[in-house]
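Sequential numbering of the sequence shown, starting at 1, is according to this note's numbering.
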Amino acid sequence: MKISIKNIIACIASLVVFNAAMAQQDQVILTGTFTEKINADLQLIKTVNGKIENLGEYTINPSNPDFVFAFSADSTINYSFQIKTLKQGHIRLEADKWFAIPLTLKPGQNYSLKVTLSKLNAEKKTGFEFKPGTRKSSVAFVSGKFVNWKVGVNVTIQRVVDGGYETINSFSNRNEKPFLLPCLVKEEGFYYLISQRWKIRVYLKPADKLELVIDGMSGSYEVINGSEENQLVQKWQQLIHPIIAYGYNILAMQKDSLNITSYLKIYEGLESAIADFRNNINHTGSRFSKLFEMAIDVDKDLAPILFLFNSSAKKTNGFISIPNNFNDVPDFYNRFIQPGKFNDGSILNIGEARFYMNLY
């Protein structure tokens with residue numbers, strides 16, 4: 001599903017204004033690192049007239065201790081860098097301790113922050129080093145605007161780890177306001193924007209700037225400004241929309257539209273176009289081409305399998321149950337059963353891989 005031309009033009013106009021404002025002297029990029037291995041949720045807040053506003057959140061772990069925030073600053077406002085450390089609970093990581101570092105910021109100045117948590121004492125100004133600095137070259141920016149989304153939305157950007165997702169950064173947005181989401185990219189690859197409703201796959205390299213218009217209800221999107229790789233990723237999503245429209249990238253499956261006979265007819269009608277698209281990727285030998293071809297293979301197999309899996313779910317009192325088996329599997333699906341199907345570990349660079357492997 002494509003976003004209307006009217007909405008795109010309106011969004012481009014607002015993004016031009018937004019980006020021009022962000023380019024003014026009030027923008028601040030705060031990058032930093034923790035010197036010790038730790039799991040923590042970070043938050044940057046400001047206090048205006050006694051009211052607290054969240055400017056962004058970032059998640060770090062022992063393998064990824066670096067962070068970045070991007071926002072507009074005002075020298076008359078109080079800012080605070082909040083740290084919530086996490087410890088292993090019975091099932092998952094749980095909150096442990098809280099720390100806060102007050103920050104004084106000058107509009108237009110970039111800063112760096114180094115934290116040694118075991119020595120941190122904000123009042124004595126020990127355990128941290130805060131100073132003006134330059135922006136890291138590895139910072140990529142995803143910006144854009146929502147349409148068809150009048151309510152609040154929380155969106156995270158997540159990296160791929162072992163075929164699954166790991167949260168990096170997040171923001172909350174209301175009333176279709178423009179957003180700016182910075183991300184430290186150590187190695188180019190697929191990243192995912194994920195809300196409570198949908199997920200969007202993008203390809204990021206260090207220093208990338210990607211601008212999107214996102215339909216908040218459906219998760220469909222348009223690349224307004226971005227790399228050739230992201231243009232191709234969007235074209236792929238548009239091509240396969242007929243076979244993923246049931247909810248492949250949406251958490252709420254459209255159960256009422258599930259009809260296996262109609263779906264397989266649509267799928268078979270797209271197979272030649274899918275093969276042509278894959279064969280015509282003109283980045284031969286690059287990291288992108290390898291990962292993109294792998295993502296295409298995952299999508300074209302997982303989409304019909306997930307369709308079948310969810311079409312067997314039963315609806316009771318308005319709620320759809322979680323399916324637990326495959327019933328009456330058409331012969332069409334035999335093509336997806338192959339010995340050694342997952343013998344290349346590179347598939348774990350695709351966010352859907354772990355789910356696919358577990359489902360398989």
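Beta carbons: idealized from backbone N, C-alpha and C, even for Gly. On a predicted model such as this, the values are computed, not experimentally measured, just so you know.
Notebook entry, point to check: Out of G340, N110, I305 and I91, which has the shortest C-alpha to C-alpha gap to V139?
Noted result: Taking the Cα of V139 as reference, the smallest distance to any Cα among G340, N110, I305 and I91 is reached at N110.
Check: Relative to the alpha-carbon of I200, which residue among K265, Q238, L120 and P206 has its alpha-carbon at the smallest distance?
Finding: Q238
Checklist line | Outcome for E57 when other beta-carbon atoms lying within 10 angstroms are tallied against a minimum of 16 | finding: buried
Check: Which residues bound the beta strand (DSSP E) around Q27?
Finding: Q27 to F34
Next item on the list: Give me the Cα-Cα distance between G189 and N349, rounded to the nearest whole angstrom.
Entry: 8 Å
Next item on the list: Look up Y58 in the DSSP assignment and give the residues it is bridged to.
Entry: DSSP output for Y58 lists L42 and N169 as bridge partner(s).
Notebook entry, point to check: From N249 to L42, what distance separates their C-alpha atoms?
Noted result: 28 Å
Item checked: Closest by C-alpha distance to I168, when choosing among E293, T284 and P65 -> Here the closest residue by C-alpha is P65.
Note to self: To the nearest angstrom, how far is the alpha carbon of F171 from that of K300?
What the structure shows: F171 and K300 have their C-alpha atoms spaced approximately 31 Å apart.
Checklist line | Buried or exposed (CB count within 10 angstroms, at least 16 for buried), N230 | finding: N230 comes out buried.
Notebook entry, point to check: According to DSSP, is L306 helix, strand or coil?
Noted result: helix
Check: Between which two residues does the alpha helix (DSSP H) carrying E229 extend?
Finding: Here the alpha helix (DSSP H) through E229 covers E228 to L239.
Checklist line | Start and end residues, beta strand (DSSP E) containing R401 | finding: The requested residue 401 is not part of the displayed model; the chain covers only 1 to 360.
Next item on the list: With a 10 Å radius around its C-beta and 16 neighbouring C-beta atoms as the bar for buried, classify R335 as buried or exposed.
Entry: exposed
Check: Can you tell me where the alpha helix (DSSP H) with D276 in it begins and where it stops?
Finding: I260 to N279
Check: Can you give the Cα-Cα distance for I224 and E271, rounded to whole angstroms?
Finding: 28 Å
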